[in-house]
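Single-structure report; data block below.
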Amino acid sequence: MSKSKQTNRNKDRRVDQMITANTGRSAKNTTNSERENQDGDSNTETLPSQLEQKVTIILENILSIKTEVGDIKTEVGDIKTEVGDIKTEVAKIGPLTEKLENITRTVADIEKSVEHAHERIDDVVTNTAKMATVTELRAELEEMQRKFSRIEDKQDDQENRQRRININILNIPEGTEKKYSDCTDFVHEFLVKHMEIDNSSQMGIQRAHRCPSKPYRYDTTTNTTRNRPIKVAFVNARDARSVLMSAPRKLRNHPYNGNNIFITDDVSVQVQRERKKLVEYKRNFLKEHPGKKNFIAWKVPATLMIADEDGKMKEITVKDI
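Residue numbers for the sequence shown follow our numbering, beginning at 4 and rising by one.
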């Protein structure tokens, strides 16, 4: 742009010089004409010589104008060159403008991405807060479950302590006790005569009854009715324990009215379930270790006794399997 301004100044300077030169020539010509007139008056020159002088002056002016026109053309050429250079520079600016537009679009996309990222961060923060709340609630719930489990364990333990005075006599034929005044007399005679337990006559029995109260339904597949167990409550747990420990030895190969009789302790439903799990575990264990001495102990919690390699009895509970 500075080069173009310099060129314009040069052009204006040349035009001023041309005007000054033409003015000078015109004044000179006028002076010459006056002098010629004076000389003509004085010297009486001829008309043809005056015309030649005028033609010469005109030709000189024409040549001078042609020279100026050539200079102008040269300057116009220079201007065209500068215009071409400007167009070239503008052409170079075009891709830069496109790149600038692309950059602008990219920046806009980045701004949108940043805004979206901020939104996601806000969501994460919100979800984290919710997760923290959920985690706290879950921790509280787990603590409540642990407390409830401890309460259940205590309640179950209390129930089993109360049941320690009880035993269950299994597979006594239905209606056998009806021959006696009540079920308690039948149990007393069964302990004295059939099991022949020492000091059984001195054992105090609070009550004895079939459980459940209603008989089982007739089984059409076996054409039999399953016998309900007889639940016996002693005065103290020592007598119940004595009968329970004597049962395997006294009742083995010693049926009553053709039925094999079994006696078990009276435990809660939870302990019964745990013992079933231990029985299943025992079956699988004996498949891999046949011949191992084992038995379900009459104790709470449910316990499986299995002999180790040294023959010592090892206790296994549900928590161990």
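Glycine included, C-beta positions come from ideal geometry on N, C-alpha and C. None of the values given here were measured: they were computed from a predicted structure.
8 Å Cβ cutoff met for residue i and residue j
i: N174; j: V274; result: no
i: T337; j: N260; result: What is shown of the chain runs 4 to 324, which leaves residue 337 out entirely.
i: F237; j: Q209; result: yes
i: D3; j: W301; result: The structure shown has nothing for residue 3, since the chain only spans 4 to 324.
i: P218; j: I172; result: no
i: L289; j: K296; result: no
Nearest-angstrom beta carbon gap, residue j and residue i [assumed within contact, 8 Å]
i: N169; j: V235; result: 7 Å
i: S249; j: M206; result: Actually they are not in contact, since the Cβ atoms of S249 and M206 sit about 11 Å apart, beyond 8 Å.
Buried or exposed (CB count within 10 angstroms, at least 16 for buried), residue i
i: A243; result: buried
i: S116; result: exposed
i: N202; result: exposed
i: I124; result: exposed
i: F193; result: buried
i: A135; result: exposed
i: K95; result: exposed
Spatial distance of residue i from residue j (CA atoms)
i: L99; j: I113; result: 20 Å
i: S245; j: R167; result: 11 Å
i: L281; j: T306; result: 8 Å
i: L247; j: D311; result: 25 Å
i: T223; j: R141; result: 51 Å
i: H121; j: T109; result: 18 Å
i: T228; j: P215; result: 14 Å
i: E48; j: L54; result: The predicted model places E48 with a pLDDT of 49, which falls under 50 and marks its position as unreliable; any figure quoted below should be read in that light. If you take the alpha carbons of E48 and L54, they lie about 11 Å apart.
i: E177; j: N226; result: 15 Å
i: I299; j: E277; result: 11 Å
i: E78; j: A111; result: 48 Å
i: H292; j: V303; result: 26 Å
i: V195; j: K253; result: 11 Å
i: N230; j: R220; result: 10 Å
i: E213; j: A132; result: Going by the sequence as given, residue 213 is Arg instead of Glu. Their backbone Cα atoms lie some 60 Å apart in a straight line.
Boundaries (first-last residue) of the beta strand (DSSP E) holding residue i
i: M316; result: M316 to I319
i: M308; result: T306 to A310
i: L194; result: Unbroken run through L194: none, as it is neither H nor E.
i: D268; result: F265 to D268
i: R213; result: I208 to R213
Boundaries (first-last residue) of the alpha helix (DSSP H) holding residue i
i: F288; result: V272 to E291
Residue i Cβ short of 7 Å to the ligand COA heavy atom set
i: M248; result: For the ligand COA, the structure offers nothing, since it holds no ligand at all.
Residue i at chain C interface by Cβ criterion, 8 Å
i: E118; result: Protein chain content of the structure displayed is limited to a single chain, and chain C is not contained in it.
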